[in-house]
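So the protein sequences, as listed, match chains A and D.
The first sequence begins at 92 in the working numbering and counts up by one.
The second sequence begins at 62 in the working numbering and counts up by one.
Every residue gets a Cβ at the ideal spot worked out from N, C-alpha and C, and that includes glycine.
On a predicted model such as this, the values are computed, not experimentally measured, just so you know.
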Amino acid sequence: METLKKITASPLFLPLFALAVLLIFNIIFVDGFLTIEMTDDGRLYGRLIDILNRSSSLIILSLGMTFVIATSGIDISVGSVIAISSAVCCTLIGGSGDGTAEYPMILAMLAAVLAGVLCGVWNGLLVAKFKIQPVVATLILMTAGRGIAQLITEGQIITVYYKPFAYIGSSIPGNILPTTIFIAIAMILLVTFIIKKTSIGLFVQSVGINSTASRFTGINVTFVIFLVYAFSGFCAGVSGLIESSLIRAADANNAGLNMEMDAILAVALGGTLLSGGKFNIGGSVIGAITIQTLTTTMYALGVSSEQLPVIKAVAVIILCLMQSSKFRIMFNNWKSRNKVGPQGEKNFLMDEKAVNKA
Amino acid sequence: MGDLLLEMRQIDKVFPGVKALSGVDFTLRSGEIHSIMGENGAGKSTLIKVLTGVYPRDGGSIYMEGKPIAPRTPKEAQEEGISTVYQEVNLCANLTVAENIFIGRQPTKHGFIDWKQMNTRAQELLQKLNVDIDVTKTLDHYSVAIQQMIAIARSVDVSAKILILDEPTSSLDEQETQKLFTVIRRLKKQGMGIIFISHFLEQIYDLCEKITILRNGELVGTYDVAKLPRVELIAKMIGKDLSALKDFDKSEEKSVPSAEVFLDAKNISCIGKLNHMDVKIHKGEVMGFAGLLGSGRTETAELLFGINKITAGEIVVNGIKMSLDEPMKAMQQKIAFCPEDRKQQGVIGDLSVRENIILALQAKDGIFHHIPLKEQIIIADDCIKLLNIKVSDREQLIKNLSGGNQQKAIIARWLATNPELLILDEPTRGIDVGTKNEIQKMAVTLAKQKGMAVVFISSEMDEMIRTCSKLIVLRDRNKVAEIEGDAISSENVMRAIAGGDA
Numbered sequence: 092m093e094t095l096k097k098i099t100a101s102p103l104f105l106p107l108f109a110l111a112v113l114l115i116f117n118i119i120f121v122d123g124f125l126t127i128e129m130t131d132d133g134r135l136y137g138r139l140i141d142i143l144n145r146s147s148s149l150i151i152l153s154l155g156m157t158f159v160i161a162t163s164g165i166d167i168s169v170g171s172v173i174a175i176s177s178a179v180c181c182t183l184i185g186g187s188g189d190g191t192a193e194y195p196m197i198l199a200m201l202a203a204v205l206a207g208v209l210c211g212v213w214n215g216l217l218v219a220k221f222k223i224q225p226v227v228a229t230l231i232l233m234t235a236g237r238g239i240a241q242l243i244t245e246g247q248i249i250t251v252y253y254k255p256f257a258y259i260g261s262s263i264p265g266n267i268l269p270t271t272i273f274i275a276i277a278m279i280l281l282v283t284f285i286i287k288k289t290s291i292g293l294f295v296q297s298v299g300i301n302s303t304a305s306r307f308t309g310i311n312v313t314f315v316i317f318l319v320y321a322f323s324g325f326c327a328g329v330s331g332l333i334e335s336s337l338i339r340a341a342d343a344n345n346a347g348l349n350m351e352m353d354a355i356l357a358v359a360l361g362g363t364l365l366s367g368g369k370f371n372i373g374g375s376v377i378g379a380i381t382i383q384t385l386t387t388t389m390y391a392l393g394v395s396s397e398q399l400p401v402i403k404a405v406a407v408i409i410l411c412l413m414q415s416s417k418f419r420i421m422f423n424n425w426k427s428r429n430k431v432g433p434q435g436e437k438n439f440l441m442d443e444k445a446v447n448k449a
Numbered sequence: 062m063g064d065l066l067l068e069m070r071q072i073d074k075v076f077p078g079v080k081a082l083s084g085v086d087f088t089l090r091s092g093e094i095h096s097i098m099g100e101n102g103a104g105k106s107t108l109i110k111v112l113t114g115v116y117p118r119d120g121g122s123i124y125m126e127g128k129p130i131a132p133r134t135p136k137e138a139q140e141e142g143i144s145t146v147y148q149e150v151n152l153c154a155n156l157t158v159a160e161n162i163f164i165g166r167q168p169t170k171h172g173f174i175d176w177k178q179m180n181t182r183a184q185e186l187l188q189k190l191n192v193d194i195d196v197t198k199t200l201d202h203y204s205v206a207i208q209q210m211i212a213i214a215r216s217v218d219v220s221a222k223i224l225i226l227d228e229p230t231s232s233l234d235e236q237e238t239q240k241l242f243t244v245i246r247r248l249k250k251q252g253m254g255i256i257f258i259s260h261f262l263e264q265i266y267d268l269c270e271k272i273t274i275l276r277n278g279e280l281v282g283t284y285d286v287a288k289l290p291r292v293e294l295i296a297k298m299i300g301k302d303l304s305a306l307k308d309f310d311k312s313e314e315k316s317v318p319s320a321e322v323f324l325d326a327k328n329i330s331c332i333g334k335l336n337h338m339d340v341k342i343h344k345g346e347v348m349g350f351a352g353l354l355g356s357g358r359t360e361t362a363e364l365l366f367g368i369n370k371i372t373a374g375e376i377v378v379n380g381i382k383m384s385l386d387e388p389m390k391a392m393q394q395k396i397a398f399c400p401e402d403r404k405q406q407g408v409i410g411d412l413s414v415r416e417n418i419i420l421a422l423q424a425k426d427g428i429f430h431h432i433p434l435k436e437q438i439i440i441a442d443d444c445i446k447l448l449n450i451k452v453s454d455r456e457q458l459i460k461n462l463s464g465g466n467q468q469k470a471i472i473a474r475w476l477a478t479n480p481e482l483l484i485l486d487e488p489t490r491g492i493d494v495g496t497k498n499e500i501q502k503m504a505v506t507l508a509k510q511k512g513m514a515v516v517f518i519s520s521e522m523d524e525m526i527r528t529c530s531k532l533i534v535l536r537d538r539n540k541v542a543e544i545e546g547d548a549i550s551s552e553n554v555m556r557a558i559a560g561g562d563a
């Protein structure tokens, strides 16, 4: 019983549990879920690989989002930033039918990521410097971002025929795994390195828990907040590369559509409270994979992409309820009422106390 | 003297674990300006909140013009004729003056708002208070003082018999205050009973006729202002008899300051917070800032630590002029500051004791010079041992410690930065007696053994007198005295705080 409690109390329990449930569901109901085959040109192929491939850009987004949410902020512009990054990348490479690139691909990629960073810097300035509420500040770019992307692509969907561009979303010839997985792993390693080797993680949590006290301790709160939005922009920029390469085109209207919601959901599922404070990068990564698994599962079961948001909404509701202390009290009360009377009352008082303390 | 307006008899109010008011009597006559005084936690605001229906009372009775009343909400209190104007003006900045005055009770004609009548009546109302402004402009066109008066006009028009002013002058300058006082005196002449709450002694002696003093939720007494010397008022507020205080103070082992000046603040001001203050802090000195709450003691500390920016004067640290406009700049000059409000400004509740302790040092070192975990553990363990912080584990969340241990951890946070000036603002508030003594002793020891300069701020006279080798006394945001060595005694300090006719 004790060990069981310890396991369920771990911050990684919830996302892992959700992922496990989904996987078991898939194994039972989806034919050939676990099958991984080798294609003729030497690439691995199968649903599991597909899930990892597709979840890469979400993982990267949720890395940036984790820091933002930990400072008790939110960045709802990342979906549109993906569109901008895609547009920059594809426009620079160009859509010429003969499969040549207008500018070198590496340059286009750097420019796309830089565009993402600039978007993040803009958000950071609004939130950190001008103290605009995060939702409102990032809402600006969320709505304007797709327009900016349209301007860059001059209102067209630019399809890229330059071959190497497709390598980002699929795989580099001779590699058995999709490139996206390597990019995601590289980003996870980068973030882990940053957390281990700098104090940004400590400062982000400190600001998220109590920003006044953080200022009184000498932490440059403005700079910390600015940094997390800039980093979130960077992550969205990288995701933009993946998203555009997957479809080999820049679609200003649809690239990264609604992905900000998935990223926020991934972070929440990963055990980082939306009110800020302690964060959990590992949780966010697993959360992102879980959500992509959910999406893939639904598609496999024949749920259309129009209906999918409903399923996700149910997941969000369950998640929010599990994080709500009020709900937990109600739930515990209901549980103890089913047991014995007096003990239930005691439970209730103790819970009240615990909540008041929090 | 006017008729009896309000009587509160034997008022009791109990909060879980605390008796906030016990058997308090309060009487207000019409045409009287009456102040309620007491230190923090004495029960002033509880009494007001019982009167205005914010809190239900647990015992006693309230009579309004002889008729018993029991307001359950501020609205019911207002219907009985009791209006309150709070410190923070709660009007709507984007509505016009007239709208603000008549919000929720606009005059109507044929079911529509009668704008003409509303504007004329608002104009008349304000003219009664001698305020001549354009009532069709939005509220944010006007200064806080005018807004304050608009709030009063609104209260007065709701046919108030009693007007409660809770710290109305705290954000006003001298001129604005006088303007407000003219208005208050005018209302008094019209027979209104006014309860005036303020931390500013000068203003109370200027304006009020009666003072009711509370201490620890009990009534000390009601006095005529004219017959109550300030020194006695202070003594009654802190609850020490003057004669009893005289033989109490002699200290045993204070720190002797060196001749070397660490920090010299010349003529520093910050608008609305502090006026023309001089402080010279020597190495090895325990300097006290004494004064009532809001007198400018915390404000001075916040200026020295760069929380707020000075608007005049200069600060010289180790002989070099410094611009301390953010905490980091002060920290680089080896200044440390344990703030007054431990919960809001001190602890990062969800972080561990270790993280809380190393946080200031880490902030000073910068984001890219991360202190390795091993080193963090050594620093934290050293501090926990040195300050005798009671924790189950250094990884325990700080919010789960007792107040005293939290305070020690915050002090540890600053000692870890190896400061030359340590500012302790109310370091012993709300913690147990044993820890209080430990912290007082620590302040003296740091000054004596390490030659650290310490600034000690406290509402408790005893501990200031015991620990400080020099005291700066503040009143109404001004420095009023500097007391040194043998001259430090409760009597002298209280006289200085009281000032004026004492």
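Taking only the alpha-carbon atoms, compute the straight-line gap between residue i and residue j and give it to the nearest angstrom.
i: H337 of chain D; j: I492 of chain D; result: 33 Å
i: I143 of chain D; j: M421 of chain A; result: 40 Å
i: N233 of chain D; j: V281 of chain D; result: In the sequence as presented, Asn is not what sits at residue 233 of chain D; that position holds Leu. The alpha-carbon atoms of L233 of chain D and V281 of chain D are separated by roughly 30 Å.
i: A548 of chain D; j: I310 of chain A; result: 41 Å
i: I167 of chain A; j: E351 of chain A; result: 5 Å
i: V516 of chain D; j: A320 of chain D; result: 17 Å
i: Q208 of chain D; j: E160 of chain D; result: 13 Å
i: Q457 of chain D; j: Q264 of chain D; result: 48 Å
Less than 7 Å between the beta carbons of residue i and residue j, yes or no?
i: L374 of chain A; j: G393 of chain A; result: At residue 374 of chain A the sequence reads Gly, which differs from the Leu that was named. The answer is no: Cβ separation not under 7 Å.
i: L224 of chain D; j: M179 of chain D; result: no
i: N466 of chain D; j: I450 of chain D; result: yes
i: S330 of chain D; j: L535 of chain D; result: no
i: D325 of chain D; j: V377 of chain D; result: yes
i: M278 of chain A; j: I151 of chain A; result: yes
i: G324 of chain A; j: V121 of chain A; result: no
i: E481 of chain D; j: K395 of chain D; result: yes
i: A138 of chain D; j: T107 of chain D; result: no
i: F350 of chain D; j: A391 of chain D; result: no
i: G367 of chain A; j: S163 of chain A; result: yes
i: I274 of chain D; j: K288 of chain D; result: no
i: I300 of chain A; j: D411 of chain D; result: yes
i: F257 of chain D; j: L294 of chain D; result: no
i: I81 of chain D; j: G104 of chain D; result: Looking at the sequence shown, residue 81 of chain D is not Ile but Ala. Closer than 7 Å, so yes.
For residue i, name the three-state secondary structure that DSSP assigns.
i: A404 of chain A; result: helix
i: L200 of chain D; result: helix
i: T308 of chain A; result: coil
i: M503 of chain D; result: helix
i: K344 of chain D; result: coil
i: F104 of chain A; result: helix
i: A357 of chain A; result: helix
i: T283 of chain D; result: strand
i: F257 of chain D; result: strand
i: N498 of chain D; result: helix
i: Y320 of chain A; result: helix
i: R133 of chain D; result: coil
i: K240 of chain D; result: helix
i: G84 of chain D; result: strand
If contact is defined by three or more beta carbon pairs under 8 Å, each pair taking one atom from either stretch, is the stretch 470-480 of chain D in contact with the stretch 444-451 of chain D? yes
Of all the alpha helix (DSSP H) runs that stay within the bounds of the stretch 220-266 of chain A, which reach a length of 4 or more residues? 225-244, 254-260
In chain order, each alpha helix (DSSP H) run of at least 4 residues that lies wholly inside the stretch 174-226 of chain A: 196-215
Any alpha helix (DSSP H) of 4 or more consecutive residues that is wholly inside the stretch 395-426 of chain D: 414-426
Between the stretch 125-133 of chain D and the stretch 188-202 of chain D, do three or more beta carbon pairs fall short of 8 Å? no
Just checking, does the stretch 201-210 of chain A make contact with the stretch 327-340 of chain A on the three C-beta pairs under 8 Å criterion? yes
Three CB pairs or more closer than 8 Å across the stretch 242-250 of chain A and the stretch 353-360 of chain A: no
Does the stretch 134-141 of chain A come into contact with the stretch 282-292 of chain A, if we say contact requires no fewer than three beta-carbon pairs (one atom in each stretch) closer than 8 Å? no
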